[in-house]
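S.K.:
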Amino acid sequence: MVQLLSPYLGETLAQFVLAFLSAFLLIGFMLITAIFSVWLERKVSGRIQDRLGPTRVGGKFGWLQTLADGLKLLVKEDFMPGSADPVLFRAGPYIALAGAFLAYLVLPFGNGVVAQNMNIAVFFMLAVMSSEVFGVILGAYGSGSKWALFGGMREAAQVVGYEVPRAISVLVPIIVVGSLNFMVASERQVGFVYNWLIFHDPFTFIAFWVFFTCGTAGCKRAPFDLAEAESELVAGFHTEYSGFRWLIFFMAEYGSMVAISGIAVYYFLGGWHTGLAPWELTTVFGTVPGNIINALVFITKCFLLVFVMMWVRWTLPRLRIDQVMMTCLKYLLPISCFLLLGVSVWELASPPLVNEIFSYAACGLSIIGFLAMIFKAATTPHVLPVQGATPFWRPQAAAKP
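Quick note, the sequence shown lines up with residues 19 to 419 if you use the numbering used here.
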């Protein structure tokens with residue numbers, strides 16, 4: 019692209035234009051995914067709780083409900099407590115959003131479709147996403163409220179604590195691939211689904227679940243959502259925020275969910291590959307059509323993981339702060355260290371035949387288990403919580419006179 023624009027704009031200006039265009043597309047993608055994620059969460063929670071969710075704004079399924087809520091927040095009063103620090107209070111949400119946005123700079127959406135192709139892409143993503151906690155702390159401290167400060171300290175302890183096992187668990191597939199580059203990791207998994215790194219060995223299989231659990235906690239998602247303590251009945255670090263700045267905190271949260279899912283997709287779930295064909299799609303359909311399919315596959319995989327995060331949130335109860343930290347330090351941290359040691363020994367001592375046998379067996383059993391789960395869900399009759407009750411969206415039978 020730079021070579022195409024250089025004869026007309028000059029090399030320096032062409033690089034600036036390309037960087038601006040990439041940033042514009044990425045921030046647009048992040049905002050769209052955040053809007054869609056909010057709508058999806060309301061629909062998922064409604065389905066789990068036996069209700070409908072948004073149904074009025076934007077058609078039958080309430081597609082524009084999130085946009086309507088965003089416009090409502092934009093016109094709300096931008097309130098700031100009198101005891102708040104103006105600079106820190108205003109800067110907190112934007113620092114949190116910047117930490118989530120910068121992660122997209124190195125996240126590929128297809129073969130060569132990436133804003134900045136870095137050899138240390140995973141390290142860069144984990145580093146910039148860790149900076150989101152500074153926005154949380156500054157927003158909590160700058161609010162001038164003790165409840166916001168308590169919530170911010172809880173979130174900081176949780177996020178910083180879970181960063182350690184999260185980083186160690188992602189090192190497990192990195193050892194197998196031998197690179198921190200997402201492009202290399204995805205090229206390593208070309209072919210059928212049993213080539214995905216999650217099925218490479220027992221340690222990468224377990225490391226995926228450890229990483230996904232730590233990623234869920236790092237995104238401040240329930241059941242690890244300790245900003246809102248049950249005994250306080252306030253919102254935690256963003257208690258004093260209203261309107262647009264309150265919205266920015268949640269945009270950063272949903273952006274981080276997609277970014278964490280992107281890391282899991284590239285280092286465990288095959289990257290942009292469908293797992294149904296033995297070749298790279300761009301070599302068969304061409305660069306543009308192939309990368310369109312690759313981007314759709316990658317985004318679909320990411321939102322499937324985001325859906326699981328939402329599923330977990332509306333299924334499991336919130337843990338106490340001591341239980342959250344115990345889960346991290348007493349269980350996930352030792353497990354991740356064991357996985358790191360185990361995959362190192364496996365790569366040195368395991369013969370290729372054992373790797374192939376495990377890949378086929380793990381992939382086959384996972385597919386059978388998934389199909390069994392789908393079959394059970396499809397064949398299990400729906401039982402209402404109260405015998406004889408009728409969901410509110412079904413019309414009641416007309417009362418007899």
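Backbone N, C-alpha and C define an ideal beta-carbon position, used for all residues, glycine too.
For threonine 398, which residues in the same chain have their Cβ closer than 8 Å to its Cβ, ignoring the five residues on either side in sequence?
M.R.: none
S.K.: How about glycine 128 and alanine 313: do their beta carbons lie closer than 8 Å?
M.R.: yes
S.K.: For valine 194, which residues from the same chain have a beta carbon less than 7 Å from its beta carbon, with the 5 sequence-adjacent residues on both sides left out?
M.R.: These residues qualify, in order along the chain: Leu215, His218, Thr222, Val361 and Glu365.
S.K.: Using 8 Å as the threshold, is the C-beta distance between alanine 270 and glycine 117 below it?
M.R.: yes
S.K.: Please work out which residues of its chain come closer than 6 Å, Cβ to Cβ, to leucine 125, disregarding the five sequence neighbours upstream and downstream, and give them in chain order.
M.R.: Gly280
S.K.: If I'm right that glycine 153 touches glycine 110 with Cβ under 8 Å, what's the distance once you round it to whole angstroms?
M.R.: Between the beta-carbon of glycine 153 and that of glycine 110 there is about 5 Å, and that keeps the pair under the 8 Å contact cut.
S.K.: Just the C-alpha distance for tyrosine 41 and lysine 90, rounded to the nearest angstrom, thanks.
M.R.: Here residue 41 turns out to be alanine, not tyrosine, going by the sequence shown. Their Cα atoms are separated by approximately 27 Å.
S.K.: Considering only the beta carbon of each residue, do alanine 185 and glycine 170 sit closer than 8 Å?
M.R.: No, Cβ-Cβ distance for alanine 185 and glycine 170 is not below 8 Å.
S.K.: For valine 208, name the three-state secondary structure that DSSP assigns.
M.R.: In the three-state DSSP reduction, valine 208 falls in the coil class, being neither helix nor strand.
S.K.: Are the region 137–146 and the region 76–85 in contact at 8 Å, needing three or more beta carbon pairs?
M.R.: By the criterion of at least three beta-carbon pairs nearer than 8 Å, the region 137–146 is not in contact with the region 76–85.
S.K.: Taking Cβ positions, are valine 306 and threonine 51 nearer each other than 8 Å?
M.R.: A distance of 8 Å or more separates the beta carbons of valine 306 and threonine 51.
S.K.: For the structure I just gave you, are there three or more beta carbon pairs, one from the region 197–217 and one from the region 374–384, closer than 8 Å?
M.R.: Flag = yes, the region 197–217 and the region 374–384 touch.
S.K.: Just the C-alpha distance for proline 241 and tryptophan 332, rounded to the nearest angstrom, thanks.
M.R.: 9 Å
S.K.: Where does alanine 225 land, buried or exposed, given buried means 16+ other C-beta within 10 angstroms?
M.R.: Its Cβ being crowded by 16 or more others within 10 Å, alanine 225 is buried.
S.K.: Which residue wins for smallest C-alpha separation from threonine 257, given the options Trp165, Pro183 and Gly273?
M.R.: Trp165
S.K.: How close, in whole Å, do the beta carbons of glycine 289 and alanine 203 come, if the pair is a contact with beta carbons under 8 Å?
M.R.: Alanine 203 and glycine 289 do touch by the CB rule: their CB atoms are close to 6 Å apart, below 8 Å.
S.K.: Could you spell out the range, first to last residue, of the alpha helix (DSSP H) harbouring threonine 345?
M.R.: No alpha helix (DSSP H) contains threonine 345, which DSSP labels as neither H nor E.
S.K.: Report the three-state DSSP secondary structure of leucine 70 (helix, strand or coil).
M.R.: coil
S.K.: Go ahead and pull the three-state DSSP assignment for leucine 294.
M.R.: strand
S.K.: In chain order, which beta strand (DSSP E) runs of at least 3 residues are fully inside the region 182–268?
M.R.: none
S.K.: Output yes or no for whether 8 Å exceeds the beta carbon distance between glycine 76 and lysine 61.
M.R.: no
S.K.: Helix, strand or coil, according to DSSP, for valine 151 in the structure here?
M.R.: helix
S.K.: Please state the DSSP three-state secondary structure of valine 140.
M.R.: Looking at valine 140 - three-state DSSP - the assignment turns out to be helix.
S.K.: Would you call the CB atoms of arginine 263 and methionine 327 closer than 8 Å?
M.R.: no
S.K.: Where do the ends of the alpha helix (DSSP H) carrying valine 330 lie?
M.R.: 305–331
S.K.: Just to confirm the assignment, what range does the alpha helix (DSSP H) spanning leucine 115 have?
M.R.: 104–120
S.K.: Rounded to whole angstroms, what is the Cα-Cα separation between valine 302 and alanine 114?
M.R.: 41 Å
S.K.: What do you reckon, are the CB atoms on alanine 174 and valine 146 nearer than 8 Å?
M.R.: no
S.K.: Find out if the Cβ-Cβ distance for the pair leucine 347, glycine 233 is shorter than 8 Å.
M.R.: no
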